[in-house]
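Visitor: The sequence shown runs 26 to 117 under this note's numbering.
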Amino acid sequence: MASQRRAVVLIVARDVRHEVLVDPWGAVLVDDYVRVMERFGLEPFTDELLKALPSPNKLMRRRVVFCHRDLWVIADAIRRREPFYVLTGIMP
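Pasting the structure below:
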């Protein structure tokens, strides 16, 4: 069985340091998404990116997807009709 990997995000609030565990199962409510985005190098999902995708899915259109990492690379590959692969890292 593959080991479960979890990301630990260190959040500083009111001069008190505490760790927030971020995992794919949503074990914790995150109260500072900006800090999580900065920690993982994520970019906000913008109107410009939405227009660059030829057929964005419902979650993107409804803004459930609010950040990404390197989605511009995929949008460019789609535009140029080049192959690409997506690796989510959640499960094999």
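Glycine is no exception: its CB is placed at the ideal position from the N, C-alpha and C atoms.
Here the structure is a predicted model, which means the values were calculated and not measured.
In angstroms with no decimal places, state the Cα-to-Cα distance between residue 108 and residue 102.
Guide: 7 Å
Visitor: Kindly indicate which residue of 70, 110, 65 and 62 has the alpha-carbon position closest to the one of residue 89.
Guide: 70
Visitor: In chain order, which continuous runs of the alpha helix (DSSP H) of length 4 or greater are located wholly inside the segment 68 to 106?
Guide: Complete alpha helix (DSSP H) runs here, min 4: 72 to 77, 83 to 86 and 96 to 104.
Visitor: Please report the distance separating the alpha-carbon of residue 67 from that of residue 58.
Guide: 10 Å
Visitor: Straight-line CA distance for residue 54 to residue 73?
Guide: The alpha-carbon atoms of residue 54 and residue 73 are separated by roughly 29 Å.
Visitor: Within a Cβ cutoff of 8 Å, which residues of the same chain sit near residue 86, ignoring the five residues on either side of it in sequence?
Guide: Answer for residue 86: 75, listed in chain order.
Visitor: Tell me which residues share the same chain as residue 39 and place their Cβ nearer than 6 Å to its Cβ, disregarding the 5 neighbours each side in the sequence.
Guide: Since pLDDT at residue 39 reaches only 48, below the 50 mark, its modelled position is unreliable, and the value read off the structure follows with that caveat. Contacts found: none.
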